[in-house]
Amino acid sequence: MTLNVGIIIGSTRPGRNGEAVARWVHELASQRKDAAFHLVDIESFNLPVLDEPFPPSLRQPFTKEHSKAWSGAIAPLDALVFVTPEYNHSTSGALKNAIDFLFYEWHDKAAGFVSYGSTGGVRAVEHLRGIVGELHIADVRSQVALSLFDDFENFSTFKPRDVQATALNTMLDELLGWGGALKGYREGKQAKAG
Ligand SMILES: Cc1cc2nc3c(=O)[nH]c(=O)nc-3n(C[C@H](O)[C@H](O)[C@H](O)COP(=O)(O)O)c2cc1C
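Quick note: the sequence shown, position 56, residue 219 per my numbering, numbers continuous.
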């Protein structure tokens, strides 16, 4: 069973650090043979501020092409790595908005976090844990917290300390364990529903 893991780039800002962080996650993760890892760049979906007339929990068909494309990118994934910056002690508006577009696409999947900021982005992740709980996402405990002071040069060139690769693999071990269990759970649920 190969799990498909999405590495979601949570920043859309020109000159963002998020892309280099996500590419590092993808490169190291792809050395593992226990899953397939895919970069998912919110920026490339050009999502406006949520513009669907109905909450996604109501199961109404999406009315916008960008919503359909975003749904189509997330639905097939088995597990998620959210790469998030810290903006004003939370995650980015872009990531929260992208999360809000969907509902059932997130359900019964595992997630892990890679964050960055002056204190490792830990406050962003604490907020995200509450948000993903509402979406039936099971978030693993271990996380990667990258310091703008110690894992970047001049706050802009990504140079992670060696210890961060170990932290990433610890998080991925947990993620793939739960991701596999939840894949079986989703399949069982679908079979029951017919
Ligand atoms: C609007 C904004 C608010 C920020 N607020 C915080 C903050 O509360 N805590 C923090 O550690 N860093 C904060 N930062 C610094 C960001 O963590 C840092 O710029 C990071 O590189 C942003 O991610 P990005 O480059 O991928 O967009 C803020 C940056 C921006 C643009």
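Positions of the beta carbon are idealized from the N, C-alpha and C atoms, including for glycine.
Item: Quick one: residues in its chain with C-beta nearer than 8 Å to the C-beta of Leu213, no 5 flanking neighbours on either side, listed in chain order?; Value: Asn260, Asp263, Phe264
Item: Look at the Cβ atom of Ile170, then the Cβ atom of Val246, and state whether they are nearer than 9 Å.; Value: yes
Item: With a threshold of 9 Å between beta-carbons, can Gly340 be considered close to chain D, or not?; Value: Note that chain D does not occur in the displayed structure, where there is just one protein chain.
Item: Using the C-alpha atoms, what's the distance from His189 back to Leu202?; Value: 7 Å
Item: What's the gap between the Cα of Ala274 and the Cα of Leu338?; Value: 6 Å
Item: Measure from the alpha carbon of Ser193 to the alpha carbon of each residue in Gln306, Asn332, Ser310, then state which is nearest.; Value: Asn332
Item: What does Tyr114 pair with, by DSSP beta-bridge criteria?; Value: There is simply no residue 114 to check, as the chain begins at 164 and stops at 357 in what is shown.
Item: Should His252 be counted as a contact of ligand 1 given a C-beta to heavy atom distance under 8 Å?; Value: yes
Item: Taking 8 Å as the cut-off, is the CB of Val212 close to at least one heavy atom of ligand 3?; Value: The model on display carries ligand 1 but not ligand 3.
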